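To start, the structure itself, in structure tokens.
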Amino acid sequence: MKTRLAATVGDDSALEIYTAMFQHILGNIHEAPCEILLCVEGDEGALPSTTYHRYAQRGDGLGERIVNAIVDAGAFDCCVVIGTDAPFLDAHVIGNSFTQLESSDVVIGPSLDGGYYLIGFNVMNTTLFDRISWSSEHVLLQTIERCNELDLKLELLPSMIDVDTVGDVLMLETEEERHTSIVQRLRSIITVLLVVVLCSAPCLPMADGSGNRERSLVRCRTRCFQQQAPTILKV
4 MKTRLAATVG
14 DDSALEIYTA
24 MFQHILGNIH
34 EAPCEILLCV
44 EGDEGALPST
54 TYHRYAQRGD
64 GLGERIVNAI
74 VDAGAFDCCV
84 VIGTDAPFLD
94 AHVIGNSFTQ
104 LESSDVVIGP
114 SLDGGYYLIG
124 FNVMNTTLFD
134 RISWSSEHVL
144 LQTIERCNEL
154 DLKLELLPSM
164 IDVDTVGDVL
174 MLETEEERHT
184 SIVQRLRSII
194 TVLLVVVLCS
204 APCLPMADGS
214 GNRERSLVRC
224 RTRCFQQQAP
234 TILKV
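Those letters in the sequence shown? Residues 4 to 238, by this note's numbering.
Shown next, in the form of structure tokens:
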């Protein structure tokens, strides 16, 4: 579950957004040249049905969970870990990450918020995740610094947006046909939420004291978008 989304839109809507991204990503990576395993947290029954093998996440922080997920997955020549909150992730990206690992130790797919949507390894070095400020905008840079300190050859994939907030959904843009459906789906969920917010928001009084409802509603709408999507970017 996306906890930051849930804090804004509620558990039900956050679960709907998460489920839509989960299904879209799995549908787009199933042709990737690798075995796909799902490492899940909490109630597995809450996940959409899939044919992939599932096992439980272990560890307190994200770094521990990544390490344990790779250890629990068993013996592989190389391993890539992804989240399910980057809706434009697909088999091409996964395949490219394994190609990069043929000549590097670590591959990272940076996200626009300062973290990453993908990390892969040839050989796991557990100390790579030491001194990382998880859930912050410093995660990517700190991980790059750790790679340099450990003399690990690093390759970076193209940056990509991941979805943690309502504003992230509003920033989604794509010209790739295979991803237009998820953009439309997520925006439709958010549009309903914005309509609910706007309909329930109190009208703001005008400077002249008129309290004109139509003009006040426009101001409410503007305020809502300013709070939730301060910057519009193209991916």
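By construction, the Cβ of each residue, glycine as well, lies at the ideal position given by its N, Cα and C atoms.
Note that the structure is a prediction, hence the values are computed from the model and not measured.
Using the rule of at least 16 other Cβ atoms within 10 Å of the residue's Cβ for burial, across every protein chain shown, is residue i buried or exposed?
i, result
"residue 102", "exposed"
"residue 33", "exposed"
"residue 14", "exposed"
"residue 184", "exposed"
"residue 149", "buried"
"residue 151", "exposed"
"residue 104", "buried"
"residue 75", "exposed"
"residue 144", "exposed"
"residue 146", "buried"
"residue 88", "buried"
"residue 118", "buried"
"residue 91", "buried"
"residue 195", "exposed"
"residue 80", "exposed"
"residue 138", "exposed"
Would you list the one or two residues that DSSP bridges to residue i?
i, result
"residue 124", "82 and 109"
"residue 57", "41"
"residue 157", "109"
"residue 24", "Paired residues: none, contrary to the question."
Does residue i have its Cβ less than 8 Å from a Cβ in chain B?
i, result
"residue 161", "Here chain B cannot be found, since the structure has a single protein chain."
Apart from the five residues on each side of it in sequence, which residues of its chain come closer than 7 Å, Cβ to Cβ, to residue i?
i, result
"residue 9", "17"
"residue 72", "42, 60 and 84"
"residue 7", "167 and 168"
"residue 120", "85, 86, 89, 92, 112, 114, 163 and 165"
Is residue j closer than 8 Å to residue i when the C-beta atoms are compared?
i, j, result
"residue 36", "residue 112", "no"
"residue 132", "residue 66", "yes"
"residue 165", "residue 86", "yes"
"residue 107", "residue 162", "no"
"residue 160", "residue 110", "yes"
"residue 192", "residue 28", "no"
Whose C-beta lies closer than 6 Å to the C-beta of residue i among residues of the same chain, with five residues either side of it excluded?
i, result
"residue 56", "40"
"residue 217", "Because the pLDDT at residue 217 is just 43, under 50, the model does not fix this residue reliably, and the point stays unresolved."
"residue 44", "60"
To the nearest whole angstrom, what separates the beta carbons of residue i and residue j, a pair I think is in contact under 8 Å?
i, j, result
"residue 188", "residue 31", "Between residue 31 and residue 188 the Cβ distance is about 14 Å, and since that is not below 8 Å, they are no contact."
Grab me the residues of residue i's own chain with a C-beta within less than 8 Å of its C-beta, minus the 5 sequence neighbours each way, in chain order.
i, result
"residue 70", "62, 127, 129 and 132"
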